[in-house]
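Written out below as structure tokens is the structure these notes cover.
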């Protein structure tokens, strides 16, 4: 893996926003391949995707779907990634067709902006994970069922036929790995199939970097909620945001 110099962030403008807000970071050491910059914002409340035209001293990012209205530091790191990814993943009759994928490791230490960035509004149809101990008996995670996981809870009455796209932003630490993609959903629109194909796509795309990431889907018999779990060896923290939308 190539190693880059540490990033320095001198300023961030503005200091609050919601999905779609463009934020400008000024500093040094941003990756020349714009999609190899991973930015998490509002205390890991949302990801922010780099915009075209950014440079190694000025990085413009657009805030993605927000799962929680929260506040906290803006963190970023330049990654070493791959332009190789799968175009389609199918699972039990449900198909994901990808329009954009970024998968990469950190190529430099994580940089802190040292600010309190506020996410002002939750995005519709967006779900955010909790970092917690895994319930060992509920899901199979490659032998790591007893460790820490990111768990996203979906309501028992979740219905997806009218929602035909999904955006995923997953950051797993440490060492840091990011999986960020947009895809169209087709075929069987049952909840278990849709969540299952998301889980499979996370594992498949992470494998292109040689990373062992495990994901699984379960239904909580006590609450009726659908649950999506993600973990990897040595997982210490992370964030996972899932957004369902409609094709334009």
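Numbering (our numbering), first residue to last: 2 to 249.
Cβ coordinates follow ideal geometry from the N, Cα and C atoms, glycine included.
Neighbourhood of residue i by C-beta, 8 Å cutoff - its chain only, sequence neighbours within 5 removed
i: residue 89; result: 96, 97, 98, 99
i: residue 206; result: 86, 87, 102, 104, 180, 182
i: residue 166; result: 183, 184, 185, 186, 245, 246, 247, 248
i: residue 128; result: 68, 153, 154, 155, 242, 243, 244
i: residue 198; result: 90, 91, 92, 93, 95, 96, 97, 186
Nonlocal neighbours in the same chain, by C-beta distance under 6 Å from residue i, ignoring five residues either side
i: residue 27; result: 11, 12, 59
i: residue 224; result: none
i: residue 17; result: 119, 121
i: residue 239; result: 151, 172, 173, 174
i: residue 131; result: 152
i: residue 212; result: 178
i: residue 237; result: 174, 175
Three-state class that DSSP yields for residue i in the structure shown
i: residue 206; result: helix
i: residue 27; result: strand
i: residue 19; result: coil
i: residue 42; result: strand
i: residue 213; result: coil
i: residue 221; result: coil
i: residue 69; result: coil
i: residue 196; result: helix
i: residue 150; result: strand
i: residue 35; result: helix
Span of the beta strand (DSSP E), counted from its first residue to its last, around residue i
i: residue 12; result: 9-14
i: residue 168; result: 166-174
i: residue 245; result: 238-246
i: residue 139; result: Note, residue 139: premise wrong, no beta strand (DSSP E); not H, not E.
i: residue 186; result: 178-188
i: residue 51; result: 47-51
i: residue 91; result: 89-92
i: residue 119; result: 118-120
i: residue 103; result: 95-107
i: residue 231; result: 227-232
i: residue 75; result: First-last for residue 75: undefined, no H or E at that position.
i: residue 235; result: Unbroken run through residue 235: none, as it is neither H nor E.
i: residue 123; result: It is not in any beta strand (DSSP E) - residue 123 carries neither H nor E in the DSSP assignment.
Sequence-distant residues of its chain with Cβ nearer than 7 Å to residue i (five each side left out)
i: residue 164; result: 126, 245, 246, 247
i: residue 79; result: 5, 8, 30, 31, 32, 37, 38, 108, 109
i: residue 217; result: 140, 141, 142, 200, 230
i: residue 116; result: 13, 16, 74, 75
Residue i beta carbon near the ligand COA (any heavy atom closer than 6 Å)
i: residue 172; result: Of the ligands one can find in the structure shown there are none, so the ligand COA has no counterpart to examine.
Supposed contact pair residue j and residue i - C-beta distance, whole angstroms, cut 8 Å
i: residue 120; j: residue 46; result: 5 Å
i: residue 62; j: residue 40; result: 5 Å
i: residue 210; j: residue 106; result: 6 Å
Contact with chain B by residue i, beta-carbon distance below 7 Å
i: residue 182; result: You won't find chain B in this structure, because it holds only one protein chain.
If you pair each beta-carbon of the stretch 55-73 with each one of the stretch 141-151, do three or more pairs fall below 8 Å?
-> No: the two stretches stay apart, fewer than three of their Cβ pairs being nearer than 8 Å.
Are the stretch 55-65 and the stretch 24-44 touching, with three or more C-beta to C-beta distances below 8 Å?
-> Put simply, the stretch 55-65 touches the stretch 24-44. At least three CB pairs are less than 8 Å apart.
Taking three-plus beta-carbon pairs below 8 Å as touching, is the stretch 227-238 in contact with the stretch 151-167?
-> Taking 8 Å as the limit for Cβ pairs, the verdict is that the stretch 151-167 does touch the stretch 227-238.
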